[in-house]
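Data block below; observations after.
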Amino acid sequence: MARQAVTLIGGGLVGALLAQLLATHGFSVTVFEKRSDPRRLNFARGRAINLAIAERGWQALRTAGLAQRALRMSVMMRGRMVHGRDGTGSLQRYGLDDSEVIWSISRSGLNALLVDAAEEAGATFHFGQTLVSTDMDTRSLSLMDREDVPRECEAGLLIGADGAGSALRAAMDLYQPLGIRVEPLGHGYKELEIPPATGRNRFAIEPNALHIWPRGGYMSIATPNINGSFNVTLFLPLHGTYPSFDTLRDAATASAFFAREFPELFPLMPCFADDFDGHPVGKLATLYLDRWHIDGRAVLVGDAAHAIAPFHGQGMNCGFQDAVALADLLAGCGRDTAGAFAQFQQVRKPNADAIAAMTLENYVEMRDSVADPHYLAKLELEALLTQWAPEYFMSRYRMVTFTALPYAYAYARGRAQNEVIEQLLRDFGRPGDVPQNVAIASLQQALPPLQSVEDPAIHPMHAAALSRFAFFEA
Ligand code: FAD
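Written as structure tokens, this is what we have:
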């Protein structure tokens, strides 16, 4: 039987992974990607140079047989290193120990790896090809290359992995309204850099952490790269009174702001002025759609279907789960692609909605709460409940980051657990004063046991990689 043809728009992270999975399942896959080949050219400056990858992302990469190769390009992050105004820094661990960590990986390196793997599996990539318009009736595409040379072609099954500004989504919406809603966050981001240090330790600050300088209403974060540099991101309101991107118009104003608000970070960025003036301000928004597909003709995945803000570090992780789910459904559906697309939306949309909501909550937590005494008391009690009642309590962050429990489950369970925690703190004041038996009884009364959780114990793949980091142990 002839192999079914699939046409993917967008060969970014999700598109390239999906191309590899579908080609491995025997589909004939063609990818049209607007940018140049990521193996030849660097990405645009100032656009999310690295990303945090967590268990959901690793699971998808393990499915594709690429996890070991990706791990070799990653730097472990044990937790948040929170930097106060007084120059102090304290590590808030993400998990219980080094079996529960996240990893910082280069976007361009990972994209190149995924494109290589998809080609090895038989997918064909056409770079420098931008989708301009789509005739949904005939499934014919109009594309344009970098020299404005047009190209027309017939598509197979159409999949839009063309990111938050998806051109395929726009065409689908014209054909049949998808119920698109974009909720701007009112905040934006600017990317800066701490270069590698000279000397034995290549890293200018602790490498195995995600650094946060929370300042209430805005913040900077820094994440490590394998070459010793850090990607620094300033998150700030776009408009309004100082400080906002409107009021920090150039490097001179921004330098004074940085020197005052982030005094230990500022001297580590010798190229601050060039980076600030040269990099664009990225705008953050959440994208919701009522429908992700048009019968069996076309479907959207990843950011094209559900772009979220970056505050939980889950956009790519969530998109990778989409890719695995869609590839499996298409491989098992025979010719009922409409059924597969509908099931894909049914399974994934509630989870995409849940991670969107949790992401917005995490922004408030990162910029405002990480140094707040009530928040710290909750963290302390969470740690106790984790020890006392592991079958009834797992923090929401751990569910999202270190398991593949559905996001919707983590969201609902997290809310119910939070009510128990708030009540215990109201009743007993400090976490240390909460009696163990009362805490366990409260959890058991309020909640069923946790859904079977995949063993969060360290994956053998990570165990080997962690030995690389012995040097940085305290
Ligand atoms: P994209 O990565 O946007 O890829 C879309 C591709 O389609 C691109 O290659 C683009 O060139 C191509 N394309 C676009 N239009 C066309 C067209 N008309 N024709 C042809 N091709 C086209 N996620 C995490 O999991 N962890 C993180 O730590 C994290 N940090 C982030 C930090 C920031 C500042 C931002 C903005 C996002 C972050 N994310 C993170 C989210 C993550 O970047 C996205 O969720 C992820 O890139 C989505 O992948 P995608 O393939 O769906 O879309």
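Using the numbering used here, read the sequence shown as starting at 386 and increasing by one per residue. No residue lacks a Cβ here, since even glycine has one placed at the ideal position from N, Cα and C. As the structure is a computational prediction, the values presented were derived from the model and not from experiment.
Local conformation of residue i per DSSP, three classes
i, result
"S459", "strand"
"S551", "coil"
"A589", "coil"
"Y627", "coil"
"E776", "coil"
"F412", "coil"
"L715", "helix"
"L835", "coil"
"I394", "strand"
"P580", "coil"
"Q389", "coil"
"F705", "helix"
"G431", "At G431, the pLDDT of 43 sits below 50, so the modelled position is not reliable and the matter cannot be decided from this model."
"A842", "In this prediction, A842 scores a pLDDT of 47, lower than 50, which makes its location untrustworthy; no coordinate-derived value is stated."
"L446", "helix"
"A437", "strand"
Beta-bridge pairing of residue i - partner residues as DSSP gives them
i, result
"P599", "M604"
"K575", "L619"
"L769", "Note: L769 sits in no beta bridge, so no partner."
"P569", "A670"
"L563", "According to DSSP, L563 bridges with nothing at all."
"L402", "Per DSSP, none; premise fails for L402."
"G418", "Checking the sequence, you will find Glu at residue 418 rather than Gly. Paired residue(s): F512."
Segment limits, beta strand (DSSP E) that includes residue i
i, result
"T671", "667-673"
"L528", "525-529"
"C538", "535-539"
"A793", "Counting along the chain, A793 falls outside any beta strand (DSSP E), though it belongs to the alpha helix (DSSP H) covering 792-813."
"G545", "542-545"
Delimiting residues of the alpha helix (DSSP H) encompassing residue i
i, result
"K734", "722-749"
"R783", "781-787"
"N610", "Looking at the DSSP string, N610 is not in any alpha helix (DSSP H), and its letter there is neither H nor E."
beta-carbon residue i near ligand 1 non-hydrogen atom, thresh 7 Å
i, result
"N803", "no"
"D688", "yes"
"Y560", "no"
"G625", "no"
"A510", "Reading the sequence as shown, one finds Phe at residue 510 and not Ala. No, since every heavy atom of ligand 1 falls outside the 7 Å radius drawn around the Cβ of F510."
"G396", "yes"
"Y782", "no"
"F642", "no"
"A795", "no"
"F729", "no"
"A552", "yes"
"L711", "no"
"F417", "yes"
"R420", "yes"
is_contact[residue i, chain D] using C-beta, thresh 8 Å
i, result
"A502", "Although the question refers to chain D, the structure presented lacks it and comprises just one protein chain."
Counting only runs of 4+ residues fully inside the segment 630-687, write out the alpha helix (DSSP H) ranges in chain order.
Within the segment 630-687, the complete alpha helix (DSSP H) runs of at least 4 residues fall at 636-646, 657-663.
Which ranges does the beta strand (DSSP E) cover as unbroken runs of at least 3 residues, wholly within the segment 454-521, from first to last along the chain?
Fully enclosed beta strand (DSSP E) runs of 3 or longer: 459-462, 464-468, 474-478, 487-491, 509-512, 515-520.
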